[in-house]
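Residue numbers (this note's numbering), protein chains in the order written: chain A, 1 to 277; chain B, 1 to 154.
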């Protein structure tokens, strides 16, 4: 039987690796230079965090960190499918960024108390760096939610599109009961989910985006109609969402967007196994 | 007999590849040095996990220590986490000499980020993200120059 710690490390590392890879696609394309540096730096941090986690996993698994990052078949990746979604536009990228980084913060804070020493040490380092990601995500959340109307409209739509997939960041892990009983997980994914929901729910309420959560899964029809105050009444996007649509990543089941990403990310590794620079 | 103090002295000559005025010992990157008759072990702390200079720093440290013992092992460790509070006063001076303002100092000490060009404290952060993971981009409202700041990490 595989070490239960591996399922946790694969989930954490693959989220960071795949999201980092996606964010790196923005390099050179962001609307202005400061933001280009920001998204590129965040991508760099996320991939570095994946490396820290894969270094730890390498000792358990036996494969070297590069082989773990780039030498696995697509079905062996355990990232949530939110992370592999195309960047789409700036609104979706920032909506995912905000939802993901709050989720990441919740689980990293919980893991500060893990009985797994190497992971606890890595988490302490990651939290010091993720703080800047969270500040960046929150700043954009407030800025876009404040309008103008088109920005608020598109951001609200993007949040509605991403929320179901973001919930799947908290899909149960393989052997989660063992991880909890051994104190490797001080709290389980369900508790993380509740904490995250309370946190983002409060912020969504404050800016009048509460329908992003409340209408989840309820079939509604209608267009996105901003009122004079910039509030959004309803959206077709929300209506189309199915709560479970984002699940499967933790079992190695991915959306159609994963394989093209994987092909690109692993091109060099597959063409020149063991290449170094 | 080589002591840990000798090794640290040798490492003081190793500069950060991206901030060539700044010694890695002043930046607080050197955490632990263990010396035996035939072996030196050096534990380093990465400033930021995504720092692309880590491999170069490791190589430079190995070279600096290799004359002092037949066997040298250099590794990066995650504990304790590196924070910008590890910078000493010499690091702050050499950062300024390179045009980078030092990080915010520990709570209870002076708190303003001053412009490395004119010394004014009328500066604002433009972006928390700069050309390297450890730097921010700031702007001086007095001399109207953009400048880089060392990122506060704690």
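Where a beta carbon is used, it is the ideal one built from N, C-alpha and C, also for glycine.
Only counting the same chain, and skipping five residues up and downstream in sequence, which positions put a Cβ closer than 7 angstroms to that of residue i?
i	result
residue 175 of chain A	4 and 7
Just curious, the alpha helix (DSSP H) that residue i is in, first and last residue?
i	result
residue 133 of chain A	117 to 145
residue 24 of chain A	4 to 24
residue 44 of chain A	33 to 61
residue 63 of chain B	54 to 65
residue 164 of chain A	149 to 167
residue 173 of chain A	Run containing residue 173 of chain A: none; DSSP gives neither H nor E here.
residue 185 of chain A	Where residue 185 of chain A is concerned, there is no enclosing alpha helix (DSSP H), given that its DSSP letter is neither H nor E.
DSSP puts residue i in a beta bridge; with which residues?
i	result
residue 44 of chain B	B:30 and B:76
residue 71 of chain B	B:39
residue 139 of chain B	B:124 and B:146
residue 19 of chain B	B:16
residue 100 of chain B	B:148
Below 8 angstroms CB to CB, which residues in the same chain sit around residue i once its five sequence neighbours on both sides are set aside?
i	result
residue 114 of chain A	120, 123, 183, 184, 185 and 186
residue 100 of chain B	19, 116, 135, 147, 148, 149 and 150
In chain order, what residues of the same chain lie with their CB nearer than 6 angstroms to the CB of residue i, ignoring the 5 residues before and after it?
i	result
residue 14 of chain A	77, 78 and 79
residue 189 of chain A	170 and 172
residue 207 of chain A	145
residue 45 of chain A	129
residue 34 of chain B	41
residue 153 of chain B	83 and 84
residue 93 of chain A	87
residue 255 of chain A	81
residue 241 of chain B	A question about residue 241 of chain B goes unanswered here, because the residues of chain B that appear run from 1 up to 154.
What's the gap between the Cα of residue i and the Cα of residue j?
i	j	result
residue 14 of chain B	residue 5 of chain B	15 angstroms
residue 109 of chain B	residue 86 of chain B	Because residue 109 of chain B sits at a pLDDT of 45, beneath the cut-off of 50, its placement in the model cannot be relied upon, and the following sentence gives the value as read from the coordinates. Approximately 14 angstroms between the Cα atoms of the pair.
residue 58 of chain A	residue 7 of chain B	31 angstroms
residue 90 of chain B	residue 22 of chain A	40 angstroms
residue 234 of chain A	residue 151 of chain A	Caution is warranted here: a pLDDT of 46 is assigned to residue 234 of chain A, below 50, making its placement in the model unreliable, and the coordinate value is therefore given only provisionally. Near 16 angstroms, if we compare the C-alpha coordinates of residue 151 of chain A and residue 234 of chain A.
residue 193 of chain A	residue 128 of chain B	29 angstroms
residue 123 of chain B	residue 17 of chain B	27 angstroms
residue 168 of chain A	residue 205 of chain A	21 angstroms
residue 113 of chain B	residue 262 of chain A	43 angstroms
residue 258 of chain A	residue 84 of chain A	6 angstroms
residue 12 of chain B	residue 48 of chain B	20 angstroms
residue 24 of chain B	residue 39 of chain A	28 angstroms
residue 46 of chain B	residue 166 of chain A	31 angstroms
residue 9 of chain B	residue 54 of chain B	20 angstroms
residue 120 of chain B	residue 96 of chain B	13 angstroms
residue 41 of chain A	residue 1 of chain B	45 angstroms
Determine the extent of the beta strand (DSSP E) in which residue i is found, giving its start and end residues.
i	result
residue 150 of chain B	146 to 150
Say whether the segment 28 to 39 of chain B touches the segment 74 to 86 of chain B, bearing in mind that this needs 3 or more beta-carbon pairs closer than 8 angstroms, one atom from each stretch.
-> yes
Quiz item: Three or more beta-carbon pairs under 8 angstroms between the segment 71 to 78 of chain B and the segment 39 to 49 of chain B, yes or no?
Solution: yes
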